[in-house]
Amino acid sequence: MPVSVKTRVGYNKESLDEWLPVLLEEAPAAITLHLRTRKEMSLVPAQWELMQKAVALRDRINPNVLLIGNGDVDSIETGKQLVAESGCDGAMIGRGMFGNPWVFAGRKAEDTPLAEKLAALIELAHDFEKIVPSKSFAILKKHIKAFATGFDGAAHLRAQLMEAENATELEAVIAKHKYEE
């Protein structure tokens, strides 16, 4: 069974030279590198220049392992550009798709009609409740701002949506909300 690994470039500091060779020798199918340290979280720009270092290590130790970059990829175009510049095999879109499930169709959230965004949020909420084992609905709330932003009354709507305790309540709040495209 193919195994892949997703990790960061280090914990408190970049330390690829210390551990990446060992991981490459184990020959996972793919390694996805989030190009920030754990300490940096997502508070600083991803260090895509480190991917060139990782590619050089991979090419020397085990060229069969796919290297995938992660961090600050918000569109397919950005991903393609970063892959071309760094020499890695692919890019992963993470937070870049929050509030924009249309990213893989090449659409931007700001180009998507508000009614479609809110319908997608409702669908996400109902699908979230189907997860087994079930998870607290509060976990889903971190996605609300990504869908309900950039229009008159967005802050008010978000405040109401944050009070919802389940998908049905969230849907009812949206149904009562008056908005203009």
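Numbering (our numbering), first residue to last: 1 to 181. Just so it is clear, CB atoms sit at the ideal spot from N, CA and C, and this is done for glycine as well.
By the three-class DSSP mapping on this structure, what secondary structure does Val-9 have?
In this structure, Val-9 counts as coil in the three-state DSSP scheme.
Is it right to say Ile-131 is buried, meaning 16 or more other beta carbons lie within 10 angstroms of its own, or is it exposed?
Looking at its Cβ environment, which holds fewer than 16 other Cβ atoms inside 10 Å, Ile-131 is exposed.
4-residue-minimum alpha helix (DSSP H) runs that sit fully inside the region 54-121, ordered along the chain
With a minimum length of 4 residues, the continuous alpha helix (DSSP H) runs that stay inside the region 54-121 are 76-86.
Span of the alpha helix (DSSP H), counted from its first residue to its last, around Ile-131
Element bounds for Ile-131: n/a, residue is neither H nor E.
Cβ separation of Asn-62 and Ala-27, assumed to be a contact under 8 Å, to the nearest whole Å:
In this structure Asn-62 is in contact with Ala-27, their Cβ atoms being roughly 6 Å apart against a cut-off of 8 Å.
Starting from the C-beta of Asn-166, find all residues in its chain whose C-beta is less than 7 Å away, skip the five residues before and the five after it, and write them out in chain order.
Leaving aside the five residues that flank Asn-166 on each side, the residues in its chain whose CB is nearer than 7 Å to its CB run, in chain order, Glu-129 and Phe-137.
So, are the CB atoms of Asn-12 and Lys-39 less than 8 Å apart?
Their beta carbons are under 8 Å apart, which means Asn-12 touches Lys-39 by this criterion.
For Ile-225, the residue or residues it bridges with in DSSP:
Any question about residue 225 goes unanswered here, given that the chain covers just 1 to 181.
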